[in-house]
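Our numbering applies: residue 178 is where the sequence shown begins, and numbers increase by one.
This report refers to the structure that appears directly beneath it.
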Amino acid sequence: AIVAHTPLALLSEEQAAELEAKGGAGAVAPPTGPREVGKFVVEPSGGIVEPGQSVPIEVIFNPEGQALYKEALAIVVAGADPTDMAAVNGSHFEVVGESCYPAINTTDFRQIFEEQMIISSLAEALQDKSEQDIRPCFAEEEKVFTYGSVVCSAHPKGICERFKISNPNKIP
178 AIVAHTPLAL LSEEQAAELE AKGGAGAVAP PTGPREVGKF VVEPSGGIVE PGQSVPIEVI
238 FNPEGQALYK EALAIVVAGA DPTDMAAVNG SHFEVVGESC YPAINTTDFR QIFEEQMIIS
298 SLAEALQDKS EQDIRPCFAE EEKVFTYGSV VCSAHPKGIC ERFKISNPNK IP
């Protein structure tokens with residue numbers, strides 16, 4: 178006998194276990210419309226797949242914040258042999274999504290100014306030295322980078338200092 182159609186449902190593993198306890202997938206009609214599973218929306222969540230036909234399934238990821246999300250899903254086929262381990266194992270899968278924000282490091286001054294001297298306070302440094310003696314440095318308290326006093330004729334091409342700009346987060 179040829180089966181004309183096969184009802185199909187896409188459920189979370191918990192929902193699949195509940196459905197199996199109630200008598201299997203054949204006990205209910207396949208669900209329709211989208212289904213939310215954690216931070217994922219699966220559409221369609223059920224339907225009928227005719228022999229030789231394929232049905233595309235869209236999974237939308239709706240993350241919040243910066244986190245890793247995992248959900249275990251199961252495809253439940255009405256009338257499938259529950260003792261067929263190949264079918265049972267192939268029907269379970271995991272959906273994984275990670276959300277992240279790009280960022281610029283603005284707080285780790287030791288990393289930003291790794292080639293320069295970092296002092297706690299410009300006022301403290303000026304008590305011990307004159308402004309001419311302070312070489313290019315970053316003052317943490319004032320959050321100021323200073324070149325100190327620079328005589329223009331002594332540096333006609335200017336004074337060049339390199340800062341490190343970095344993204345401490347993952348890149349999407």
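Think of the CB as a built atom: it goes at the ideal place given N, C-alpha and C, for glycine as much as any other residue.
These numbers come from a predicted model, not from an experiment.
By Cβ distance below 8 Å, which residues in the same chain neighbour residue 336 in space, the five residues on each side in sequence not counted?
313, 324, 327
Rounded to whole angstroms, what is the Cα-Cα separation between residue 300 and residue 320?
12 Å
Proximity winner among 283, 232, 305, relative to residue 345 (alpha-carbon distances)
283
So residue 300 is in the alpha helix (DSSP H); what residue range does that whole segment cover?
299-305
Closest to residue 316 by CA distance: which of 273, 280, 296 is it?
296
Taking the continuous beta strand (DSSP E) assigned at residue 296, which residues delimit it?
294-296
Does the distance from the C-beta atom of residue 274 to that of residue 245 stay below 9 Å?
yes
Assigned exposure category for residue 223 - 16 Cβ within 10 Å defines buried:
buried
Taking DSSP as the reference, what is the three-state secondary structure of residue 314?
strand
Compute the distance between the beta-carbons of residue 243 and residue 276, then report whether it is under 9 Å.
yes
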